[in-house]
Each structure stands twice: as structure tokens, then as C-alpha cells.
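K.L.:
Could you have a look at this structure, given as C-alpha cells, before my questions?
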Amino acid sequence: MKILVTGAAGFIGFHTAKALLDRGDTVVGLDNMNDYYDPSLKQARIDQLEGRNGFRFVRGDLADKTLMDALFETENFDRVIHLGAQAGVRYSLENPDAYVQSNLVGFLNVLEGCRHNGVEHLVYASSSSVYGANMHLPFSVHDNVDHPLSLYAATKKSNELMAHTYAHLYRLPVTGLRFFTVYGPWGRPDMAPGIFARAIASGEPIRLFNHGNMRRDFTYIDDVVAAMERLIERPPAADPDWNGAAPDPATGPAPWRIYNIGGNRVVEVTRFLDLLEQAFGRKAKREYLPMQPGDVPETRADTADLAAAVGIEPATAIEDGVGRFVAWYRAYHRLG
């Protein structure tokens, strides 16, 4: 198939594009290469893809309607995997405009491109952040998610609503994926694994919020990509049993679905840090601080719907995943 991967220079986008190329698909990767975090890491990821048979990179912005219209009209994509977005909960408190342009305007341009050019299936990134103030654990796609705690989460919830509208009006098959703390080689430096690794390597203190009492459903990147590879082959159909009198938030009368992609094992952030220390062979300096605005103390994914849809669940043990991440980190940063 010919597949557009937006955010191809990003962490998940890079691994997704690589996996699709490995299986023989043609991939067009789109990314604006912004400086939200070190652009040299993004370029290093693209360098791994360029030169591969079947890959072409386009540098451009999702919010550029002229570029997006031309890209869809000329490339005739079979599928689209939309992973490009302005990420980060805390950054959304400082720069909300970036989230509106990338996550709302940009997503609209993707939807319009799919609608007008015969795309057979759109798979897009949502986030576990949409669960917000919901205290019911594990987080289920059948739960209500109407109380986001950050603008980032609100834009991701908006994406799910926009996608449903296009699925309903234009019968565009759309699948949304709520990712839970994805980590692994080539990971983002602004997320906890990258922040912790940099601090351990440099001897800087690590800030642990909520006084260290945080728990996350860490999800290894290979498990995420394996699920997406299967889901892209399975465009959703309308749910014939959906009932508007008792609406299920995860399905609908349109070809639209939502799935959690989580690691199936909740880990204390301090335990994750312990494993990083073991892999690096040195202790970290720890600072215990109060909870940050927009954050939640625990995330835990119910992945039963994902398992039913694609026959697999994320299964990489945290000990193995951390070891692979640290091995890559040492090699990439030439730590010896």
C-alpha cells in the first residue's frame, strides 16, 4: 500500500514508517521538523529512513492547507497514519496557540485530504490524556472522557469528535489510538524516560512530582507499532448494535473506533527510575516535588478491545524495554 505517515520524524512516526517499509509498503513521511525538542534527533531519525526503497520525505506543516491539499491530490494514498501533532501536557500551558494550529487546524486538513481523495482508512493518534479527571481505573474506551485537564488533552478529545463527524457524514473509516506513555529507542527527550536518562548520565537531579507517587502504564514502542500494523489493515465498520439511548463512547453508528494502546502493567515511576539506574550502573539524585498542573497520579489502560480487534496485546516486559532503551541511549549519545 501507499501510506502517508505524518510526524514521520517523531518517535512513534519514525518507528511506524520503518516497520511499514520493512514489510514492503510505500511510505511518504511528512514532518515540519519544529524545535519543540532537539531537531537533530528528528533529523537523525529521518536519516535512518531516507535512502530506503519506497520512502520519500516531505518537509511541511500540517496547518498549511495549500501544501496538504496538493500532497493528497498528487499522491493518491491508500491509507493515512496521522501521528503528527504538538505534543506535551505542560507545554500546552505555555503555548496554547501551537496546539490549536497543529492539533486542530492540522487535523482538519488531514480529514479533508482523506475525504476528498478516496483514502480507505485513517488511523490517528489520540492520547491517554483524554481521560483527564476520570478516576475509574483501568481507563476504558467505554468510559466518558468529558473532563480534560490540559489544552493538549482537550485537542486530542476534539480530534476524536472531529473524526467521528467525518466518519458519520462521509463514511470515512477512522480509528483513534489512545497511547499510554510510549518509550523505547529513539524516544522523545521531553518524556520521563529521556529526562531521567539525561539526568543520570549527567549527574543532574531528577524531579519526581507528586512526591514520587506517580504510576504509569509504560508501553514499549515495538508493541505500539505491531498493533498499528494490524489495525491499519482493519478499517472499522459501523456498529449495528449501537444505541443512541445508551451510547457507547468507543463505537458508533459510523465506521469509527477508539482503542487504548497500553503496556498492561502499571509501574511506579520510581520503579522505572530504579531500572534505569541499574542499566546505567549509577544512582540518580532525586528531588520530590508536588503535583504539576494538568498531570494525573496514575494511568492504566484497559486493552481488551484492542486484543479483540487485532488478536494481540502489548507484552514487552518493562525490564527488557528499559534495557533496550538504555543501550540505544548510550550508543546514540556515545557514552561508551
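The sequence shown begins at 16 in the working numbering and counts up by one. For each residue, glycine too, the CB sits at the ideal point set by N, CA and C.
Taking the Cβ atom as the reference point for each residue, do V337 and A294 lie within a distance shorter than 7 angstroms?
P.N.:
Yes.
K.L.:
Out of I18, A59 and A322, which has the shortest C-alpha to C-alpha gap to Y347?
P.N.:
For Y347, the closest alpha carbon among the candidates I18, A59 and A322 is that of A59.
K.L.:
Are the Cβ atoms of P329 and T234 separated by less than 7 angstroms?
P.N.:
yes
K.L.:
Please go through the stretch 57-108 and give each complete beta strand (DSSP E) segment of 3 or more residues, from N-terminal end onward.
P.N.:
Segments of the beta strand (DSSP E) lying fully in the stretch 57-108: 70-74 and 94-97.
K.L.:
According to DSSP, E313 sits in a beta bridge with which residue or residues?
P.N.:
R230
K.L.:
Quick check on DSSP: helix, strand or coil for K397?
P.N.:
Residue 397 cannot be examined here, being either before or after the span of the chain that is shown, 16 to 351.
K.L.:
What is the DSSP secondary structure of N49, reduced to helix, strand or coil?
P.N.:
coil
K.L.:
Could you name each continuous beta strand (DSSP E) segment of 3 residues or more that falls completely within the stretch 152-202, going from the start of the chain to the end?
P.N.:
If only uninterrupted beta strand (DSSP E) runs of at least 3 residues are considered, those enclosed by the stretch 152-202 are 189-194.
K.L.:
Would you say I247 and V138 are within 7 angstroms of each other, going by their C-beta atoms?
P.N.:
yes
K.L.:
Could you spell out where the beta strand (DSSP E) holding V20 opens and where it closes?
P.N.:
K17 to T21
K.L.:
Measure the C-alpha to C-alpha separation of K300 and I333 and round it to an integer number of angstroms.
P.N.:
22 angstroms
K.L.:
Is I276 closer than 7 angstroms to A242 when the C-beta atoms are compared?
P.N.:
yes
K.L.:
Comparing C-alpha positions only, which one of N47, Y52 and L98 sits nearest to G75?
P.N.:
N47
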